[in-house]
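A quick write-up on the structure given underneath.
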């Protein structure tokens, strides 16, 4: 009857990737414990099985905001997994039971990510195969290679060594890093790659040629509908790909690498 046991069991089943785990996990979406339901939603997002879409959609009406957010993220994950491929996972597995544990860990990852810009620059597209890197709500740092790029273990070892060195500097051992393939995101008009976390952060967009354009907060802002508004321009660019979810609660929260080279706040 221990909810911790049920939560850990759900996560363990989610990590197996076994389709037989889907139905047993779905049953736990009705658990009375909020933390169990939250972990169940995350586990279903990792199983890449469309049978989970309907129960997760019902969970969007859960009385817990946290469960609703994770259910939405899980649905997005399932839909997204058809367009990307995990190559390898380095470091340790991450387990969380409480939201405080997760937030504390994500704060650590944010610190690591913000220190990677200069070291990762040479690997970034078009000079290298990396199109994005960042951290996710699942507690992993992710490095995304452009689909079709020639990737080998030596390159992943090299990049992991850079991330791990930054993590060790923060007293973190065996930092978890996921390497994956994904196609280059392209839209007819600029797509905002990540929401700014404060009024001082820059905004990065990808134009229809796949180029990354950076706007300072003096040059542009996001309106209440998530549209990019260029200051001094009478037009507002509709950004259908804008992610308006609360920072720290997105399904993957991939932060385009160039954003991490934004100006340092002093």
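In my numbering, the protein residues as written are 188 to 453. Using N, Cα and C, we set each Cβ at its ideal position, and we do this for glycine too.
Per DSSP, residue 232 is not a residue of any beta strand (DSSP E); the alpha helix (DSSP H) it occupies stretches across 221–234. Cβ contact annotation for residue 337 (same chain, cutoff 8 Å, sequence separation greater than five): 316, in chain order.
At a cut-off of 4 residues, the continuous stretches assigned as alpha helix (DSSP H) that sit fully inside the region 263–304 are 286–301. DSSP links residue 206 through a beta bridge to no other residue. If you check the CB distance, residue 328 and residue 355 do not come in under 9 Å. Non-local C-beta neighbours of residue 298 in its own chain, meaning closer than 8 Å and more than five positions away in sequence, comprise 357, ordered along the chain. Linking residue 309 to residue 360 through their CA atoms gives a straight-line distance of about 25 Å.
Annotated as distal: residue 215 and residue 243, with beta-carbon spacing of 9 Å or more.
Look at residue 318 here: in three-state DSSP terms it is strand. Judged by their CB atoms, residue 257 and residue 229 are nearer to each other than the 9 Å cut-off. Sequence-distant partners of residue 225 (beyond 5 residues in either direction) whose C-beta falls short of 7 Å from its own C-beta, in its chain, are 253, 254 and 257. Burial check for residue 260: the Cβ neighbour count within 10 Å reaches 16 or more, so the residue is buried. Residue 368 has its alpha-carbon roughly 20 Å from the corresponding atom of residue 306.
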